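Written out below as structure tokens is the structure these notes cover.
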Amino acid sequence: MMTTPFVHLHVHSDYSPMRGVSPLEELCTLAQRHGSPTLAVTDTNGLYGAIRFIEHATRQGLRPILGAELTTGNHRAVLLAKTPDGYANLCRLLSERHCNPSFDFLASVSRYRSGLIIFTDDTAALMRWAEESRYDLYVELTPGPAMHETLLFSRRMHLPPVATNRVHFAHANDFSTHRLLRAIALTQQSVS
């Protein structure tokens, strides 16, 4: 019996400021070593390492998936480019996120969601987007105390779940570095 390999769809590299620890090359090497045919890199609010990711993934024989975790103060969602139009829409969303001080997360994703696969555990966002279309819309399940509740929400809304790990580092001993980065980021926010 053949098993389908697990594919990481929510991975942050060191191109995610104050979040990701591991370089793209290391992430691609590990994915290939673990037998994954594909890897998605979803750095926070940007595609900063996209070209390098494609180069490293291709060199390792992986199919790269370009995406980003779009975040604002209240909302977050992972957006994966499914088509060239989806990539263009992802770029539009990221540009709008950075350039528009009155960026409306829910409305902007609604406007530019064509060609994108969207997943999140943000129930308010999911309910809004599901009213418009359920196509390529998934409920993100991640390990933690809210996972069971999120799965129940997925069933109630008749939206398919997708399991992710929200990877921020490649090795367990990198956790302390990730934690330090998060502490610095949170301190900067509270001082601002």
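Taking the numbering used here, the leading residue of the sequence shown gets 41, the next gets one more, and so forth. Glycine is no exception: its CB is placed at the ideal position from the N, C-alpha and C atoms. Keep in mind that this is a model prediction, so the values were computed, not measured.
Would you call the CB atoms of V246 and H74 closer than 8 Å? Nothing about residue 246 can be read from this structure; the chain reaches only from 41 to 232.
Inter-residue spacing [alpha-carbon to alpha-carbon] between H211 and G86: 23 Å
Could you check which residue in N140, L156, L133 has the C-alpha nearest to that of P124? L156
Nearest-angstrom Cα distance between T190 and R219? Taking the straight line joining both Cα atoms gives about 25 Å.
Tell me where the beta strand (DSSP E) around P201 begins and ends. 201-203
Helix, strand or coil at A165 according to DSSP, with G and I counted as helix: helix
Taking A170 and V149 to be in contact with their CB atoms under 8 Å, please state how far apart those CB atoms are, rounded to whole angstroms. Not quite, the Cβ-Cβ distance comes to about 12 Å (not below 8 Å), so this is no contact.
Looking only at its chain, what residues have a beta carbon closer than 6 Å to the beta carbon of Y178, apart from the 5 residues adjacent to it on each side? Leaving aside the five residues that flank Y178 on each side, the residues in its chain whose CB is nearer than 6 Å to its CB run, in chain order, F159, P200, V202.
Between which two residues does the beta strand (DSSP E) holding R116 run? 116-121
Do you know offhand how far F46's Cα is from D83's? One C-alpha to the other measures close to 19 Å.
So L110 is in the beta strand (DSSP E); what residue range does that whole segment cover? Element bounds for L110: 103-111.
Would you list the residues sitting across from A80 in a DSSP beta bridge? I105
I'd like to confirm the pairing. Which residues does DSSP put opposite T160 in its beta bridges? BP columns for T160 point to V179.
With the cut-off set at 8 Å, would you say L70 and S53 are in Cβ contact? Not a contact, by the Cβ cut-off of 8 Å.
Taking the DSSP output, what are the residues bridged to V207? V51
Rounded to the nearest angstrom, what separates R137 and T78 at their Cα positions? 27 Å
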